[in-house]
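Under our numbering, residues 2 to 439 are what the sequence shown spells out, in order.
Glycine included, every Cβ here is placed at the ideal spot set by N, Cα and C.
Quick caveat: nothing in here was measured; it's all calculated off a predicted structure.
Since the structure comes first, as structure tokens, the remarks are kept for the end.
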Amino acid sequence: MEKQLPLRIIFKTMNVLLLGSGGREHALAVKIAQSPCLTKLFIAPGNPGTAECGQNISLNISDFDAIGKFVMENNIEMLVVGPEDPLVKGIADYFNGKPVSVIGPSKKGAALEGSKDFAKDFMTRHGIPTARYESFYKNGLQKGYAFLEKLTPPFVLKADGLAAGKGVIIVDNLSEAKSTLKEMLDGKFGAASNKVVIEEFLRGIEVSVFVLTDGKSYKILPEAKDYKRIGENDCGLNTGGMGAVSPVPFASKTFMDKVEKNIIEPTVRGLQEDGISYKGFIFFGLINCDGAPYVIEYNVRMGDPETEAVMPRLDADILDLFDGVAKGTLDTKQCAIRPETAVTVVIVSGGYPEEYTKGYEIEGISSVTENKVYHAGTTGVHNKIVTSGGRVLAVTALSGNLTSALDSVYDSVQKISFERCYYRRDIGKDLMLFPETV
Ligand code: AMP
Ligand code: GLY
């Protein structure tokens, strides 16, 4: 009788360290833990959700020396970076030449997110459609005013550097735009707004497109729509994201073909032409203006909560894809996408995105058996799970169509409770108006 080889002999397996602690990292951890290429997964610092996929490690993700020591001592072969901060600070360059592959771009590549001015200049040089813009330093205040006078409202002002997702200000009238420009250049966002990008306002519907690249070839991952505002019908303050849906019905094949030809291809080619090493995710924040895609922003990581909707639709071994990214052989890898619809609803602390109280006990997580509950801002205290952040949990349903996924996800969300918990009840409702793409 023929003897079957154990999996470990067929696949070369490896130890992986994943950096981050949010819902995005829980979703990545679940996917990585499913891979037959995994020996052991460590997550730093992780959360109670990631602890179910591997071992959480208490490490500061900005302390590259401490991460380097851990990588050496634990024979880590792959380092997957969740959030942008360590990338913008150069974590991939730090590990250059060391026997560990980093999934995440070099510092130069991460400037696509770390500097709006760099990103706009990159897009302009490589003919990638984006809003018309100019950048201003403090000594160019008068020129900034003159540029604002040439634009039609609303006015879009962006701090050049990372500003915890708060650096974009959109105002309706000219005098407010001028005073906002002055405040920003005077340090409203600290050093992040030493330089300010002012750009034309684009009208349309937004969609997030994700790509994994080895710097030469790329795989397009499922696209998603994010719901940024705290209130229903997109009212109120901006948040990190209150929900996500994938696929996005208006991202038709015709539209996505334009995205690939006019945006993805020239971006990857542009990085190569500029000699920028980029091995990781590119998140294209796009706007569909009458069928034409424009780039609103680049991010150099996956989105949160988009990852919680995108990962369940990815029909691929993510570590095999990462291996292709590391070795420059991504074009040889398989990456299929499941046809079902994923809907993610984020449950937040009452008061978020402004002040909120932490430490409330969460009930009902284990009663959700039909769908996936990703931990975002939770912590374990005396065998209980308590709230520890603004965005607390992200619940995802994967189902045959948008209607059934919505029914299912909201059934699950209702089983979970903690004091002052809040979620939007209208995630995906706007998309019901579009015919579903096949
Ligand atoms: P960000 O903080 O970079 O994600 O940007 C916040 C939001 O500002 C985006 O999701 C868009 O809704 C909006 N935005 C940014 N740039 C523009 C633009 N040029 N035209 C219209 N809306 C914009
Ligand atoms: N959900 C938007 C982001 O991750 O930037």
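- Beyond the five residues adjoining it in sequence on each side, residue 403 comes within less than 8 angstroms, by CB distance, of 246, 250, 342, 344, 429, 432, 433, 437 in the same chain, given in chain order.
- DSSP, reduced to helix, strand and coil, places residue 35 outside both helices and strands of the structure shown, so it counts as coil.
- Counting every other CB atom within 10 Å of its CB across the protein chains shown gives residue 223 a total of 16 or more, marking it as buried.
- Going by DSSP, residue 405 is part of the alpha helix (DSSP H) stretching over 403-414.
- Among the bridge pairs identified by DSSP, residue 86 is matched with none.
- Sorting 418, 302, 419, 414 by C-alpha distance to the C-alpha of residue 426 places 414 at the top.
- Between the segment 144-163 and the segment 199-211 there are three or more inter-stretch CB-CB distances shorter than 8 angstroms, so the stretches are counted as touching.
- Closer than 8 angstroms to some heavy atom of the ligand AMP: that does not describe the Cβ of residue 369.
- For residue 435, the closest C-alpha among the options 396, 252, 380, 21 is that of 252.
- Taking every protein chain shown into account, the CB of residue 73 has fewer than 16 other CB atoms within 10 angstroms, so this residue is exposed.
- Its Cα nearest to that of residue 191, the residue 162 stands out among 218, 170, 215, 162.
- Relative to the ligand AMP, even the nearest heavy atom lies 8 angstroms or more away from the CB of residue 244.
- By the CB criterion at 9 angstroms, residue 315 and residue 338 fall inside the cutoff.
- In the structure shown, residue 286 adopts extended strand secondary structure according to DSSP, grouped into three states.
- For the ligand AMP, no non-hydrogen atom lies closer than 8 angstroms to the CB of residue 85.
- Here residue 18 is buried, its C-beta having at least 16 other C-beta atoms within 10 Å.
- For the ligand AMP, residues qualifying as neighbours are 132, 157, 169, 200, 202, 203, 297, 298, where qualification means a beta carbon closer than 5 angstroms to at least one of its heavy atoms (chain order).
- Taking a contact as a CB-CB distance under 8 angstroms, the pair residue 410 and residue 396 counts as one, their CB atoms being some 6 angstroms apart.
- Remark: C-beta atoms of residue 382 and residue 360 approach each other more closely than 9 angstroms.
- Distance from the Cα of residue 125 is smallest, within the candidate group 352, 405, 296, for 296.
- Distance check between residue 380 and each of 15, 23, 71, 14 places 23 closest, using alpha-carbon atoms only.
- Residue 25 is positioned such that its CB atom lies no closer than 9 angstroms to that of residue 274.
- In the DSSP assignment, residue 111 falls within the unbroken alpha helix (DSSP H) covering 108-115.
- CA-to-CA, the gap between residue 312 and residue 29 works out to about 7 angstroms.
- Cβ-Cβ distances below 8 angstroms link residue 227 to 207, 209, 242, 244, 245, 304, 306, 307 in the same chain, with the five nearest sequence neighbours on each side left out; the list follows chain order.
- Considering only 340, 290, 280, the residue with the shortest C-alpha distance to residue 325 is 280.
- Contact between the segment 214-223 and the segment 176-195 is absent, with fewer than three C-beta pairs closer than 8 angstroms.
- The beta carbon of residue 100 lies closer than 8 angstroms to those of 78 in the same chain, with the five residues before and after it left out.
- Pairing residue 87 with residue 65 gives a Cβ-Cβ distance under 9 angstroms.
- Between residue 133 and residue 112, the alpha-carbon positions lie close to 19 angstroms from each other.
- By the CB criterion at 9 angstroms, residue 205 and residue 291 fall inside the cutoff.
- Placement of the Cβ of residue 209 at a distance of less than 8 angstroms from at least one heavy atom of the ligand GLY is found.
- Taken in chain order, the unbroken stretches of beta strand (DSSP E) that lie wholly in the segment 349-403 and span 3 residues or more are 373-376, 379-382, 385-388, 392-400.
- Collapsing the DSSP output to three states places residue 224 in coil.
- Counting only the Cα atoms, residue 68 lies some 24 angstroms from residue 283.
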